[in-house]
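**Q** Just dropping this structure here.
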Amino acid sequence: MDFLSTVKDSLLENYFPKGWDLKKIDACCEKGVAREDFWHKDFNPVECDNINDFDTYMGHEIALQIKNAKDAGQKLAMILPVGPMGMYKWAVYFLTQWKVDCKHVYTFNMDEWSDSEGNTLASDNSASFEYSMKQAFFDKLGEYTIPENQRNFATKDNLPTYPEKIAALKAEGAKLVLVFGIGRACHIAFWEPHFAEEFSSVEEWKQQNYRIAAKLHPLTVEQNAITSFKSRTTLVPCRANTVGPGLMFQADYIIGGCDGTLGRGMGWQGMSFLTTLHYGPDMNITSSFIPTMPGKLFYLKDLAGPLTAECN
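Every position in the sequence shown, counted from 1, becomes a number in the working numbering once 16 is added.
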């Protein structure tokens, strides 16, 4: 049975974002990691054999950016995710072993769960991204940590200050690094594919710096039910505050990670990873702009395919 020829007769017709070309996405899934002409010359996917290598390599890359900026006497602004997370323990390890303090670092968490008004979870709630960052990164850095007044979280009041703060840092010569994962719906942060329907051009879309109480796509809700809520879809917030392409895609360097395998041959991120690499820049696929930027995208080798049907 040809899925693509029958999808319009199913409930999935209104499930996928309207701007997605499913045949093009399917073709992307056959290409592996072969380079495309539209990739930035300094964009490189980095294969990892297992999750231990993945966490270590990605953590080292984060720590190295912090160390290099310190050595150069340069301020460093970093847009940071909560997912993937394993790299933070290795970033802590390298920075503390090298004795590199982070007084020159300014962090901007890319998103946070919210209600329909943009109100976020309390910072001591274990489901909040602020809590996760403190537990995984800031607190573990100890004496080398980033000063509290240089940490930014995506609350309703603080997120709108991101553009001005980042612009001021860049005006002082700061380097901006985007650290990210790729969502099931090919989002970066929580900038979802259906947002593209609101804009008449890519240029207008690219000017969007943030969104308060962004409505999440069902694919995103289910991804997070699996990865963060132990399958309990009913616990996953349906909205979040998030940075947009206007901030993310002005980064000078990117550090990405795709670790979405589940064991026993199962995974949720293979299609998203390969679509990111091969679809070509398109505002309906937020992550499709990632290969046009300099940096590294670390991935578990199983995500590169072949993506074939199996019963597990």
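C-beta: ideal position from N, C-alpha, C; glycine also.
Tell me whether the beta-carbon of Glu52 lies closer than 8 Å to the beta-carbon of Pro307.
**A** Numbered from its first residue, the sequence shown carries residue 52 at position 36. Numbered from its first residue, the sequence shown carries residue 307 at position 291. A contact, by the Cβ cut-off of 8 Å.
**Q** Out of Ala93, Pro97, Leu80 and His120, which one is the CA nearest neighbour of Trp114?
**A** Here the question's residue 114 lines up with position 98 in the sequence shown. Nearest C-alpha to Trp114: Leu80.
**Q** For Met309, which option in Tyr122, Phe59, Asp298 and Cys45 has the closest C-alpha, if you only look at C-alpha atoms?
**A** Working through the sequence shown from its first residue, we reach residue 309 at position 293. Here the closest residue by C-alpha is Phe59.
**Q** Assuming Lys230 is part of the beta strand (DSSP E), what are its boundary residues?
**A** Sequence index remark: in the sequence shown, residue 230 carries index 214 (1-based). The question names Lys, but residue 230 in the sequence shown is Ala. Looking at the DSSP string, the run of the beta strand (DSSP E) that includes Ala230 is Tyr226 to Lys231.
**Q** Using only alpha-carbon positions, find the residue among Gln285, Ala152 and Gln223 that is nearest to Gly102.
**A** The count along the sequence shown starts at 1 and reaches residue 102 at position 86. Among Gln285, Ala152 and Gln223, the Cα nearest to that of Gly102 is on Ala152.
**Q** Give the straight-line distance between the Cα atoms of Cys118 and Glu159, rounded to the nearest whole angstrom.
**A** Counting from one through the sequence shown, the residue named residue 118 turns up at place 102. Counting from one through the sequence shown, the residue named residue 159 turns up at place 143. If I take the Cα positions, the gap works out to 9 Å.
**Q** Helix, strand or coil for Gly197, going by three-state DSSP, please let me know.
**A** The residue you call residue 197 lines up with position 181 of the sequence shown. It is a strand residue.
**Q** Going by the beta-carbon positions, is the gap between Lys317 and Ile271 smaller than 8 Å?
**A** Mapped onto the sequence shown, residue 317 falls at position 301. Mapped onto the sequence shown, residue 271 falls at position 255. Not a contact, by the Cβ cut-off of 8 Å.
**Q** Go ahead and label Pro297 buried or exposed: buried means 16 or more other beta carbons lie within 10 angstroms of its beta carbon, across all protein chains shown.
**A** Within the sequence shown, residue 297 is the residue found at index 281, counting from 1. Counting Cβ neighbours within 10 Å, Pro297 comes out exposed, since fewer than 16 surround it.
**Q** For the beta strand (DSSP E) containing Met94, list its first residue and its last residue.
**A** Here residue 94 refers to the residue found at position 78 of the sequence shown. Unbroken beta strand (DSSP E) run through Met94: Leu92 to Leu96.
**Q** Report the partner residues of Thr136 according to the DSSP bridge assignment.
**A** Your numbering for residue 136 matches position 120 in the sequence shown. In DSSP, Thr136 forms a bridge with Ser130.
**Q** Would you mind stating whether Asn257 and Ala170 have Cβ atoms separated by less than 8 Å?
**A** Walking along the sequence shown from the start, residue 257 turns up at place 241. Walking along the sequence shown from the start, residue 170 turns up at place 154. Yes, the pair counts as a contact, with Cβ atoms nearer than the cut-off.
**Q** Under a Cβ-count criterion, where at least 16 other Cβ atoms within 10 Å of its own Cβ denotes burial, should Pro209 be classed as buried or exposed?
**A** By 1-based counting over the sequence shown, the position of residue 209 is 193. Under this definition Pro209 is a buried residue.
**Q** Just the C-alpha distance for Lys57 and Gly197, rounded to the nearest angstrom, thanks.
**A** Residue mapping note: residue 57 aligns to position 41 of the sequence shown, counting from 1. Residue mapping note: residue 197 aligns to position 181 of the sequence shown, counting from 1. Cα-Cα distance, rounded: 21 Å.
**Q** Which of helix, strand or coil does DSSP assign to Leu316?
**A** Walking along the sequence shown from the start, residue 316 turns up at place 300. Strand.
**Q** Residues bridged to Leu192 by DSSP?
**A** Against the sequence shown, residue 192 aligns to sequence position 176. Ala93, per the DSSP bridge assignment.
**Q** Answer yes if the region 245-252 comes into contact with the region 211-221, meaning at least three C-beta pairs across the two stretches below 8 Å, and no otherwise.
**A** No, they do not touch.
**Q** Keeping to the same chain, check which residues put their C-beta closer than 6 Å to that of Tyr295; ignore five residues upstream and five downstream.
**A** Position 279 of the sequence shown, counted from the first residue, corresponds to residue 295. Result list for Tyr295: Cys44, Ile301 and Ser304, in chain order.
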